[in-house]
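One structure is given here, and the rest of the page talks about it.
Numbering (the numbering used here), first residue to last: 45 to 387.
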């Protein structure tokens, strides 16, 4: 039912990481129970709650009650394979991303809730691409600790988008490897590899294109939680998604071109084989005719029935004729250039 919290079967427990910081202070801890979750919002202090595993309904309901998360947003957060999007509510913003593993198109859903002085992230399994953000917070690098919560939300989105580039680059390297294989006249598994590459590119495109559209929709109509300064950084995220889409489109076209080139190369090699077999057949057709004629069992004692079979050296003469015919045909084919490989 829409608006009801239904969780798909996943690991039974959720690991909760809590980071609270100001410009001059940083604290990171693991919450082992609901009692350890922060209950108050301190002025000037931003709280980031990251949850690994979204099967613990009690934790999710506690967060919903504590931070006023919308029912529909929370339902989407615990439902896998949501389309990347940005949804704006009265007092918080809900963002859905696809987070990819390192150099792999295997992805999981990352849900982000942005509210006044808090950011909540929910991911399906441990391990993510957000360690650079945690390090910046811990070390106090840049302006992230001096900025409000919307900048943290931007930093998380930016880290996820930046993690797309190694995946896209790895696919580009694989496409180049396939191209080298084709140019080296190797056709083993080329069609299958190209098919898988196109599928991986489509998977990435399905993750990035909706995010690009969502960011493009958010920028001209920002929520009050996103300060004007953060809008500039969101525009940079949008530019990165546009760049990624352009790369993916280019790689898809390359896959199409390589597939056509591969099929053309296969057809050319097949034509070479057929040409070779045709030449062999052309040479042996007259030879087969000669041997067939002289292989007929006529009574040579009767007049007119192959008298040449009784000639001295008749066997050698037939061989000489057959060799002459074969060499003559080879010379004719050579002069026509039919023995040269097709370019």
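Cβ coordinates follow ideal geometry from the N, Cα and C atoms, glycine included.
Owing to the predicted nature of the structure, the values given are computational and were not obtained by experimental measurement.
Of the listed residues the options, nearest to residue i (C-alpha basis)
{"i": "residue 241", "options": "225, 75, 149, 276", "result": "149"}
{"i": "residue 80", "options": "89, 98, 67, 61", "result": "61"}
{"i": "residue 89", "options": "72, 102, 101", "result": "72"}
{"i": "residue 363", "options": "343, 335, 294", "result": "335"}
{"i": "residue 91", "options": "218, 196, 325, 68", "result": "196"}
{"i": "residue 214", "options": "109, 314, 145, 176", "result": "145"}
{"i": "residue 315", "options": "250, 384, 379, 348", "result": "384"}
{"i": "residue 132", "options": "228, 269, 109, 352", "result": "269"}
{"i": "residue 111", "options": "99, 93, 124", "result": "93"}
{"i": "residue 252", "options": "287, 271, 177, 233", "result": "287"}
{"i": "residue 293", "options": "99, 250, 98, 257", "result": "250"}
DSSP three-state assignment for residue i, whether helix, strand or coil
{"i": "residue 71", "result": "strand"}
{"i": "residue 391", "result": "Missing from the structure shown is residue 391; the chain here goes from 45 to 387 and no further."}
{"i": "residue 154", "result": "strand"}
{"i": "residue 200", "result": "helix"}
{"i": "residue 98", "result": "coil"}
{"i": "residue 87", "result": "coil"}
{"i": "residue 172", "result": "coil"}
{"i": "residue 167", "result": "strand"}
{"i": "residue 159", "result": "strand"}
{"i": "residue 279", "result": "helix"}
{"i": "residue 208", "result": "helix"}
{"i": "residue 382", "result": "coil"}
{"i": "residue 263", "result": "coil"}
{"i": "residue 359", "result": "helix"}
{"i": "residue 61", "result": "strand"}
{"i": "residue 367", "result": "helix"}
{"i": "residue 127", "result": "coil"}
{"i": "residue 149", "result": "coil"}
{"i": "residue 28", "result": "The structure shown does not extend to residue 28, since the chain is modelled only from 45 through 387, so no value can be given for it."}
{"i": "residue 45", "result": "Because the pLDDT of residue 45 is 48, which lies under 50, any placement of that residue in the model is unreliable, and the number read from its coordinates should be weighed accordingly. Of the three classes helix, strand and coil, the one that applies to residue 45 here is coil, per DSSP."}
{"i": "residue 314", "result": "helix"}
{"i": "residue 340", "result": "coil"}
Whether residue i touches residue j by CB criterion (8 Å)
{"i": "residue 193", "j": "residue 162", "result": "yes"}
{"i": "residue 122", "j": "residue 130", "result": "no"}
{"i": "residue 327", "j": "residue 374", "result": "yes"}
{"i": "residue 135", "j": "residue 159", "result": "yes"}
{"i": "residue 307", "j": "residue 223", "result": "no"}
{"i": "residue 321", "j": "residue 369", "result": "no"}
{"i": "residue 107", "j": "residue 164", "result": "yes"}
{"i": "residue 295", "j": "residue 243", "result": "no"}
{"i": "residue 323", "j": "residue 377", "result": "yes"}
Close beta carbons around residue i, own chain, < 7 Å, minus the five adjacent residues each side
{"i": "residue 181", "result": "63, 65, 70, 188, 189"}
{"i": "residue 170", "result": "59, 96"}
{"i": "residue 113", "result": "107, 136, 157"}
{"i": "residue 82", "result": "62, 64, 91"}
{"i": "residue 186", "result": "180"}
{"i": "residue 352", "result": "358"}
Contact set for residue i: own chain, Cβ-Cβ below 8 Å, skip 5 residues either direction
{"i": "residue 33", "result": "For the chain, the structure presents residues 45 to 387; residue 33 sits outside this window and is missing."}
{"i": "residue 263", "result": "275, 278, 279, 282"}
{"i": "residue 238", "result": "222, 299, 302, 303, 306"}
{"i": "residue 143", "result": "151, 152, 153, 154, 167, 172, 173, 204, 207"}
{"i": "residue 350", "result": "338, 340, 342, 344"}
{"i": "residue 429", "result": "The structure shown does not extend to residue 429, since the chain is modelled only from 45 to 387, so the question has no answer here."}
Supposed close pair residue i, residue j - CB separation, criterion 8 Å
{"i": "residue 285", "j": "residue 255", "result": "6 Å"}
{"i": "residue 291", "j": "residue 211", "result": "That pair is no contact at about 11 Å."}
{"i": "residue 118", "j": "residue 104", "result": "6 Å"}
{"i": "residue 361", "j": "residue 355", "result": "7 Å"}
{"i": "residue 309", "j": "residue 226", "result": "6 Å"}
Cβ neighbours of residue i in the same chain (closer than 6 Å, five flanking residues each side left out)
{"i": "residue 209", "result": "none"}
{"i": "residue 45", "result": "Model confidence at residue 45 stands at a pLDDT of 48, short of 50, so the residue's coordinates are unreliable; what they give is reported in the following sentence. Closer than 6 Å at the Cβ level, and outside the excluded window around residue 45, lies no residue."}
{"i": "residue 127", "result": "254"}
{"i": "residue 67", "result": "189, 190"}
{"i": "residue 75", "result": "60, 62, 81"}
Any non-hydrogen atom of the ligand SAH within 7 Å of residue i CB
{"i": "residue 261", "result": "In terms of ligand content, the structure shown is empty, and the ligand SAH therefore cannot be addressed."}
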